[in-house]
Amino acid sequence: MNKMTETNLQAAFAGESQAHMKYLNFADTAEKEGLLNVARLFQAASFAEQIHASNHLRALEGIQGTTANLDTALGGETFEVDQMYPAYMAVAEKQGEKKALRSMNAALEAEKVHAKLYGAAKQSVEAGKDVAAVDIWVCTACGFTMEGEPPDKCPVCGAPKAKFRKF
Ligand SMILES: [Fe+2]
Ligand SMILES: [Fe+2]
171 MNKMTETNLQ
181 AAFAGESQAH
191 MKYLNFADTA
201 EKEGLLNVAR
211 LFQAASFAEQ
221 IHASNHLRAL
231 EGIQGTTANL
241 DTALGGETFE
251 VDQMYPAYMA
261 VAEKQGEKKA
271 LRSMNAALEA
281 EKVHAKLYGA
291 AKQSVEAGKD
301 VAAVDIWVCT
311 ACGFTMEGEP
321 PDKCPVCGAP
331 KAKFRKF
């Protein structure tokens, strides 16, 4: 692919991914405001943006087999844990941006677990087998991720056990 088209497609992938997320959150707000048909419009558009993003990623040949995908995922999480969030948080700290700092710290803590789980999954898949059928739980307040049974309180944000969603 020509470099310029590749760069443009990456920008379009980022933009569509963000629109997908924004519209999902806008739909929730519209729902809370009792504007159910506006919520439905946001949900439909969000789904369409998800399709656009997936098609862009496919055109970029960004989706491979699971072994390679796990490697990509592990690389992304490791970069976030080792470089991106520590650097971003240092800036936020210096600038006294408490809200940003809290949000980024919650992400950092979850990404550490994601990296660990992806690493283990990669080893397993490389050895020719799926990972064990262990419950995975995500805190719906902060995104903290864990295996097994969730604790009474989220260790990152303090949300109660009932806030955890099982996968
Ligand atoms: Fe992650
Ligand atoms: Fe949490």
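Numbering (this note's numbering), first residue to last: 171 to 337.
For each residue, glycine too, the CB sits at the ideal point set by N, CA and C.
Between the C-alpha atoms of residue i and residue j, what's the straight-line distance to the nearest angstrom?
{"i": "A184", "j": "A223", "result": "8 Å"}
{"i": "K333", "j": "A311", "result": "7 Å"}
{"i": "F212", "j": "Q293", "result": "40 Å"}
{"i": "M316", "j": "K331", "result": "12 Å"}
{"i": "D241", "j": "E203", "result": "42 Å"}
{"i": "N225", "j": "E263", "result": "38 Å"}
{"i": "L244", "j": "R228", "result": "19 Å"}
{"i": "A200", "j": "A297", "result": "47 Å"}
{"i": "Y288", "j": "R210", "result": "34 Å"}
{"i": "E176", "j": "P321", "result": "44 Å"}
{"i": "L230", "j": "A181", "result": "11 Å"}
{"i": "M274", "j": "M174", "result": "32 Å"}
Helix, strand or coil for residue i per DSSP?
{"i": "K299", "result": "coil"}
{"i": "V326", "result": "coil"}
{"i": "G232", "result": "coil"}
{"i": "E267", "result": "coil"}
{"i": "N178", "result": "helix"}
{"i": "N172", "result": "coil"}
{"i": "P256", "result": "helix"}
Quick one: what's residue i bridged to in DSSP?
{"i": "V308", "result": "T315 and R335"}
Within 8 Å (strictly less), CB to CB, does residue i reach chain D?
{"i": "F334", "result": "In the structure shown, chain D does not exist; there is a single protein chain."}
Using 8 Å as the threshold, is the segment 271-286 in touch with the segment 311-330, meaning 3 or more CB pairs across them? yes
At 4 residues or longer, and completely inside the segment 190-239: list those alpha helix (DSSP H) runs for me, N to C. 206-229
Pair every Cβ in the segment 252-264 with every Cβ in the segment 216-230, then say whether three or more of these pairs are closer than 8 Å. The answer is no - the segment 216-230 does not touch the segment 252-264, with fewer than three Cβ pairs under 8 Å.
Could you tell me whether the segment 234-250 touches the segment 287-302, using the rule of 3 or more Cβ pairs below 8 Å? yes
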